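Sequence lines, in order, name chains S and B.
Residues in the first sequence are numbered from 8 upward in steps of one, following my numbering.
Residues in the second sequence are numbered from 872 upward in steps of one, following my numbering.
The structure appears right after this line, and notes come after that.
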Amino acid sequence: MKASAGQRGDKVRSDCYIEIELKKTGRLELNIQSKVASMYGRTLKDDILKMCRFFNIRHALVTVEDNGALPFVVAARFEAAYRRINPSLDKEYLLPFNKKNQYGTGKEKLRRSRLYLPGNEPKFFVNAGLHAPDAVILDLEDSVAHSEKDAAQMMVRNALRAVDFYGAERMVRINQLPKGIEDLKYIIPHNVNVILIPKCESPEQIKEVETEVKRLKEVYKIKNEVYFMPILESALGIINAFSIASASENNCALAIGLEDYTADIGTPRTPEGRESFFARTMLINAAKATGIQAIDTVFSDVNDMEGLRQSVVEAKALGFEGKGCIHPRQIQVVHDAFAPTPDEIEKARKIVLAFEDAEKKGLGVVSLGSKMIDAPVVKRAHKIVKLALLNRLIEEDWRNEG
Amino acid sequence: MKLQPNAAGRLVPTEINGNKQTPFKGVNKFRPSGSKAKPPVRTCIDFPRDGNKVVKNLKEALKKAGIKNGMTISTHHHLRNGDAVTNLLFDTIKAMGIKNIRWFPSASFPVHEHLIKYLDDGTIHHIEGSMNGPLGKYTSEGKMKGIGVLRSHGGRYAAVQDGEVHIDIAVIAAPASDPFGNANGVSGKSASGLIGFALADSEYADKVIVVTDNLVPFPCIPWQIQGNNVDYVVQVDSLGDASKIVSGTTEVTKSPDRLLIAEYVAQFIEDAGIMRDGFSFQAGAGGTNLAFVLFLKERMKAKGVKARFVRGGSTKYLVQMLEEGLTDYILDGQTFDLEGVRSMRENPGHVNTSPFTSYNFHGKGNFASIVDTAVLGATEVDLNYNANVVTHSDGYLLHGIGGWQNCLYSKCTILAIPAFRDRIPVIVDDVTTLCGPGELIDVIITERGVCINPIRKDLIKALKKSTLPVRKIEDVKKEVDEICGGAPAKPRVNKNKVVAVIKWVDGTVLDSVFQVRKS
């Protein structure tokens, strides 16, 4: 019995290939080739032996071709290889949980940028957070080949435990239901913050996810809140946008996926995006009607930064609050384009000051000059000030300026 | 072999290839004395009156130059990985049955893997220059007969000047030459921009052979190499692969992590107050070293700041700065792309320099210490800011020193490096090979933070209000070790066998490279 997992070849980096051949008798044989043998050869061998002991592998030939895989990657590959021999395996090899990864999130957290990381490509993981996206998405869905879905589950699980994303919200995009339900046990116990539910078309799907999440949270005694971001990618999904948005208290945003949507309505996707205008505004209104965020699709030309900027400006004008990123260089452009304009900041500053003044005086009504200010406007003004601070467009002591 | 610790605490041999050595004494602690080397007196009456020094071929030239066993033969590296001349040279020497040559290149490239068979068969005794790629591996495995000597570009010039290295025959590949031997690198199909690394060789070698694939009528202008120093001129069909001599165009790295480092570098230069009117900086062609120039340029434009000069390694990006008026001069040591070559040919503000003008230890002053900031790379840095550029953490020699040691003398030396590559930590407890003493290295900029050498209190203070992630180098190292699964093991080396030594810019021995034991 023989199985393997991982990537091999000259071009591979930060990954390894592991093959396990179980034998009836004989000793445990290791055949380890590593690019970093002089530095971590010893550690690597020890780790492989430890896993053999953990899974009670005694008679086998274990072959490792390592191109600088980090420990969490080696562990994921080993377990995936072994699980392919023994699919009913009931134990998981878990490395210690990195203490820096225990942070939770809030429903209204800023989600301007979310960086997609293909779930089976660990080389992109360790530095992703350095580029300061609001969120990272470990993707189990479209970026993972069908034959690697199982390996990606273990890779994403291990990444959630080991990789420091430096404060970025920790999102995972599960597979389309029903398969996506099976993904949950690999992520819920490991402090995922937000689950992206792709190709969502009905409120029942959200409920289904919610039920399983609830169950797993109880089993694993998970305290941190887990939020959902349904992705609407079809005509039916768009038509059901409001009922999907209101299907769970833990929905934090609705996102739109335009590649599949345009295919579904039978038109090509154009740069102007007239074909998706209805879908986008529908989704925005459904989200706002439920008090959650509306998040735009990804911009897929990584070399066209001006195009990206324009697309964010347009999205912002429509009411979107976030954009998907497929390359770290897109993050800053997205943040800059979502940043409030000087005009917006000045207005917001006055409104927030008037609100604070009214609060101090114990007034129930906020007014600026002769105008009364409604609560949603105050809320929006607070948001703008926060964004301006984040983008360093105003100083920390902005109250004393101007 | 007798080893003794030097002032940096590194074990170094007292004798190398039969020559007595001075161990490193500390930065600016060694002051050589005596006279410079002097080439013999020549008279013009011994040379053709019509100025035609062209001989039939390289073999003829070497024969006339009196080639003998055990001689020192020098080459330059302006043809980079496109160089066919050095390989032809040693094919010829081998055919002539000459042995035990000390090859003294200004640098070597992977294309010189061809020479390994001549190291094997004794045609070449050892290399003093750089041992890159395959030659580095060969040397590290202890296969070279003599001990390799690595010098910086400035250190090489100094070694020629003070007589530590006497060149018997210099073979200078020239993209353009006249029959008298006046030569340059700016024109012809193999144009390399300049050939300044051959300057000392042309002045101090006993015999000088110019090899060209572009013989022009006298005079060859500009004469970066003066024919008055040249004995013979050889015409060949081709100096090598032009596309590997200079690239058609140098591209900026696409790696988001490198770009992040480059952005930090540019911001550091501004936040530290270095970027002001009339400032100067050193740039190269490596991934991050090229990219920071673009970010710095945007900052300079935004603030209306203009540089007085930029030290290159020139590329089209530096040329653009020159042409847009963002710098008055490019002082260029080597050109990396066709735009650099064109600019050097056409623009008087794009100046050809040699290691003598740039960073000569035996000069009356040092350009390198006038430069406001130099942005360099490294393979390893340790907690004392000591850095390595020649070996990797596995102990193998892989790179030359280049001008790196010399550039450390800038007013603010920045190493722009990833904190680790794959599972190879770059920030370590102790560098495998010491190439640059930490006291000359001011700032380490990684994707995980900016580390300022504690001796630079002024920079620490200047960065107090910066939004850059300024961190202690120990913190960054700790994080890297956590990611990689512990600190890396040291390479297994044979401490009884020195395969190469690292010279400091003053000619003293800074560190030894030991034979790698195969694991």
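Cβ coordinates follow ideal geometry from the N, Cα and C atoms, glycine included.
Note that the structure is predicted; figures quoted are calculated from it, not measured.
Exercise. Since Thr1379(B) is in the beta strand (DSSP E), which residue starts that stretch and which ends it?
Worked result: Premise fails: Thr1379(B) is in no beta strand (DSSP E) and is neither H nor E.
Exercise. Measuring CB to CB, does Val956(B) end up less than 8 Å from Ala1044(B)?
Worked result: yes
Exercise. In chain order, what residues of the stretch 1313-1331 of chain B put their CB closer than 9 Å to some CB of chain S?
Worked result: So the close ones are Glu1318, Arg1319.
Problem set entry | Rounded straight-line distance, which links the Cα of Glu321(S) to that of Arg281(S) | 12 Å
Exercise. What residues in its chain sit with their C-beta under 7 Å from that of Ile972(B), if we drop five residues either side in the sequence?
Worked result: The residues are Met942, Ile944, Ile964, Thr994, Ile995, His996.
Exercise. For Gly1248(B), is the classification buried or exposed, using 16 other Cβ atoms within 10 angstroms of its Cβ as the cut-off for buried?
Worked result: buried
For this session: Apply the 10 Å Cβ neighbour rule to Met8(S) and answer buried if 16 or more other Cβ atoms are within range, or exposed otherwise.
Result: exposed
For this session: Taking 8 Å as the threshold, find out whether the stretch 1290-1306 of chain B comes into contact with the stretch 1239-1248 of chain B through three or more Cβ pairs.
Result: Contact between the stretch 1290-1306 of chain B and the stretch 1239-1248 of chain B is absent, because fewer than three Cβ pairs lie under 8 Å.
Exercise. Among Ala294(S), Val233(S), Asp311(S), Glu266(S), which one has its Cα closest to the Cα of Phe410(S)?
Worked result: Lying outside 8 to 409, the shown extent of chain S, residue 410(S) is not represented and no answer is given.
Exercise. In three-state terms, what does DSSP make of Glu999(B)?
Worked result: Three-state DSSP puts Glu999(B) in a strand.
Problem set entry | Run of the beta strand (DSSP E) containing Lys378(S), from where it starts to where it stops | 378-380
For this session: Quick one: residues in its chain with C-beta nearer than 8 Å to the C-beta of Thr1083(B), no 5 flanking neighbours on either side, listed in chain order?
Result: Ala1044, Ala1045, Pro1046, Ala1047, Ser1048, Ala1054, Gly1059, Val1104, Val1105, Gln1106, Val1107, Leu1110
For this session: Round the Cβ separation of Ile263(S) and Ile213(S) to the nearest angstrom and send it over; I've been treating them as touching at under 8 Å.
Result: Not quite, the Cβ-Cβ distance comes to about 16 Å (not below 8 Å), so this is no contact.
Problem set entry | the stretch 1003-1013 of chain B in contact with the stretch 1024-1039 of chain B per 3-pair CB rule at 8 Å | no
Exercise. Distance, Cα to Cα, Ser1264(B) vs Gly244(S)?
Worked result: 54 Å
Exercise. Under a CB-based cut-off of 8 Å, is Asp1346(B) close to chain S?
Worked result: no
For this session: For Ile195(S), count neighbouring Cβ atoms within 10 angstroms of its own Cβ and tell me buried if that reaches 16, exposed if not.
Result: With 16 or more other Cβ atoms within 10 Å, it is buried.
For this session: Whole angstroms is fine: what's the gap from Val220(S)'s alpha carbon to Leu360(S)'s?
Result: 42 Å
For this session: Give a yes or no on whether the C-beta atoms belonging to Val1372(B) and Val883(B) are separated by under 8 Å.
Result: yes
Exercise. Near Phe1207(B), what residues of its chain come up, given a Cβ to Cβ distance below 7 Å and the 5 sequence neighbours on each side ignored?
Worked result: Val1117, Ser1118, Thr1121, Ala1156, Gly1184, Ser1185, Thr1186
Exercise. Among all the DSSP beta bridges, which residues are the ones paired with Pro884(B)?
Worked result: Leu874(B)
Exercise. Is there a Cβ from chain B that is less than 8 Å from the Cβ of Val133(S)?
Worked result: Closer than 8 Å: yes.
Problem set entry | Neighbourhood of Asp308(S) by C-beta, 7 Å cutoff - its chain only, sequence neighbours within 5 removed | Here the set comprises Gly314.
Problem set entry | Host beta strand (DSSP E) of Pro1226(B) (start-end) | Counting along the chain, Pro1226(B) falls outside any beta strand (DSSP E), though it belongs to the alpha helix (DSSP H) covering 1226-1230.
Exercise. Can you give the Cα-Cα distance for Leu950(B) and Met1215(B), rounded to whole angstroms?
Worked result: 16 Å
For this session: Could you tell me if Leu1202(B) is buried or exposed, where buried requires 16 or more neighbouring beta carbons within 10 angstroms of its beta carbon?
Result: buried
Problem set entry | CA-to-CA distance, Val1057(B) to Gly1004(B), given in whole angstroms | 28 Å
For this session: Ignore the nearest five residues each way along the sequence and tell me which others in Arg177(S)'s own chain have a CB closer than 7 Å to its CB.
Result: Excluding sequence neighbours, Arg177(S) sits near Val143, Leu167, Asn198, Val199, Asn200.
Exercise. Under 8 Å between C-beta atoms, does Arg1363(B) make it to chain S?
Worked result: yes
Exercise. Which residues of chain S have a Cβ atom closer than 7 Å to the Cβ of Pro1359(B), listed in chain order?
Worked result: Near Pro1359(B) (Cβ distances below 7 Å), the residues of chain S are Met46, Tyr47.
Exercise. Ordered along the chain, which non-local residues of its own chain (more than five positions away) have a Cβ less than 8 Å from that of Asp1243(B)?
Worked result: Ile1145, Phe1150, Ser1151, Phe1152, Ser1281, Lys1282, Cys1283
Exercise. Hey, how far is the Cα of Lys230(S) from the Cα of Lys224(S)?
Worked result: 7 Å
Exercise. Is Gln109(S) closer than 8 Å to Val71(S) when the C-beta atoms are compared?
Worked result: no
Exercise. The beta strand (DSSP E) spanning Cys332(S) covers which residue range?
Worked result: 329-332
Exercise. Cys1283(B) CB to nearest chain S CB: under 8 Å?
Worked result: Contact with chain S is absent for Cys1283(B), since none of that chain's Cβ atoms lies less than 8 Å from the residue's Cβ.
Exercise. Going by the CB atoms, is the gap between Ser150(S) and Pro126(S) shorter than 8 Å?
Worked result: A small fix is needed here, since residue 126(S) is Gly in this sequence, not Pro. Yes, these two residues count as a Cβ contact at 8 Å.
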